[in-house]
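Visitor:
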Amino acid sequence: MAVSPISLQQVLQRLSRPFSLSSVKMTVIPESPAGGLAAKQQGIPPHAQKATFAAGCFWGVEHIYRRRFGNGKGLLDASVATVVGNPSYQPTVKSVQDRQAVSLPHSLFFGLSSEDHIGRCHCAVDVRDTMADLYSLACLSIETDAEAVEVIYDPTIVSYQQLVEFFYSMHDPTTKDRQGADTGTQYRSAVFAHNEEQLRIAKSVTDQVSRRWWKAPVTTELNPPDQWQWWTAEAYHQLYLEKNPTGYVCPAQ
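Using the UniProt record's numbering, the first residue of the sequence shown is number 1, and each one after it goes up by one.
Here is the structure:
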């Protein structure tokens, strides 16, 4: 059965019916070592915080967060990556150790094309010459990897609670391991907390969303801090829909 993409109009309709979480206060959350971009980048204030989400194709998730919270509305930067559920996982492939273009483990199971989005596949390099090694390694990691977006935000402008609420409004968290036509565990719905306060807020918002917004059970994974590892995606994937406005349209949009 075909699944219709979620439109921007549907997103706005969900945001027009917000709920109040009186027990969740807007707080400045301490920086965590987990995550991709460092908060000390040029132009990023020291009080900036990180939020990490998986909601299907990371091209679309990054793009829609930039559209909603960019231009002075709290988002300072965003990047896409593969998040591995096992923080101790350290991939090694002898035949690609010298291939600087390969960012492991992200390139392992996202296809062979450098230009196309093929079903559930993304890839910025051609790895056919190392497929035997890559295939065996991919089989070990595919069940724990997820396409994810890291948002660096100003907590004095937008709260973590607001980012989580938006996360639930811009994708369908009831379709396990799928968003639209993109199917696979890498497209699952997940929140990756950077600290215990984020995890508490995510649990509270998830409970409210489950009871008020969705009729089917919410399948979103809530991952505690230090239980996941961030692997930054290739430059090809960063700001993809900004660079390719007529390219692949993700279900998240």
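We put the CB at the ideal spot given by N, CA and C, even for glycine.
#1: Ignore the nearest five residues each way along the sequence and tell me which others in Ala81's own chain have a CB closer than 6 Å to its CB.
#2: In whole angstroms, what is the alpha-carbon distance linking His237 and Ser204?
#3: Excluding the five sequence neighbours on either side, which residues of its own chain have a C-beta within less than 7 Å of the C-beta of Thr220, listed in chain order?
#4: Within the same chain, show all residues whose beta-carbon is closer than 6 Å to that of Leu176, passing over the 5 residues directly before and after it, in chain order.
#5: Considering Asp207, what are the terminal residues of the alpha helix (DSSP H) in which it resides?
#6: Suppose the cutoff is 7 Å on Cβ atoms and the five residues either side in sequence are ignored; what does the same chain contact list for Ile44 look like?
#7: In the DSSP assignment, the alpha helix (DSSP H) including Leu241 goes from what residue to what residue?
#8: Assuming Gln162 is part of the alpha helix (DSSP H), what are its boundary residues?
#9: Is it buried or exposed for Phe110, if we count other Cβ within 10 angstroms and need 16 for buried?
#10: Can you tell me which residues form a DSSP beta bridge with Asn223?
#11: Please classify Trp214 as buried or exposed, where buried requires at least 16 other C-beta atoms within 10 Å of its C-beta.
#12: Could you check if Gly74 is buried or exposed, using at least 16 other CB atoms within 10 Å of its CB as the buried criterion?
#13: Distance check for Arg66 and Asn244, CA to CA, integer angstroms please.
#14: Between which residues of its own chain and Ser210 is the CB-CB distance below 6 Å, once the five residues before and five after are set aside?
Guide: Concretely, from the data shown:
#1: Here residue 81 is taken as the residue at index 81 of the sequence shown, counted from 1. Cβ contact annotation for Ala81 (same chain, cutoff 6 Å, sequence separation greater than five): Gly36, Ala148, Trp230, Trp231, Thr232, Ala233, in chain order.
#2: The count along the sequence shown starts at 1 and reaches residue 237 at position 237. The count along the sequence shown starts at 1 and reaches residue 204 at position 204. Whole-angstrom Cα-Cα distance: 32 Å.
#3: On the sequence shown, residue 220 is found 220 positions in, with the first residue counted as 1. Cβ neighbours of Thr220 beyond the five flanking positions: Pro173, Ser189, Ala190, Val191, Thr206.
#4: Start at 1 with the first residue of the sequence shown, and residue 176 comes out as number 176. The sequence shown places Lys at residue 176, not Leu. Same-chain partners within the cutoff: Thr219.
#5: Against the sequence shown, residue 207 aligns to sequence position 207. Element bounds for Asp207: 196–212.
#6: Within the sequence shown, numbered from 1, the residue matching residue 44 stands at position 44. Same-chain partners within the cutoff: Leu76, Asp77, Ile152.
#7: One-based indexing of the sequence shown puts residue 241 at position 241. Here the alpha helix (DSSP H) through Leu241 covers 240–243.
#8: Against the sequence shown, residue 162 aligns to sequence position 162. Taken as a continuous stretch (DSSP letters only), the alpha helix (DSSP H) holding Gln162 covers 160–169.
#9: As a first step, residue 110 must be located in the sequence shown, where it is residue number 110. Confidence is the limiting factor: at Phe110 the pLDDT is only 41, short of 50, which leaves the residue's position unreliable and the question unanswerable from this model.
#10: Taking the sequence shown and counting its residues from 1, the one referred to as residue 223 is at position 223. Paired residue(s): Phe192.
#11: Stepping through the sequence shown from its first residue, residue 214 is reached at position 214. Counting the other Cβ atoms within 10 Å of the Cβ of Trp214 gives fewer than 16, which makes it exposed.
#12: Numbered from 1 along the sequence shown, position 74 holds the residue referred to as residue 74. It is buried - the Cβ of Gly74 has at least 16 other Cβ atoms within 10 Å.
#13: The residue given as residue 244 occupies position 244 in the sequence shown. The residue given as residue 66 occupies position 66 in the sequence shown. CA-CA distance, Asn244 to Arg66, rounds to 15 Å.
#14: Position 210 of the sequence shown, counting from 1, holds the residue named residue 210. Same-chain partners within the cutoff: Val218.
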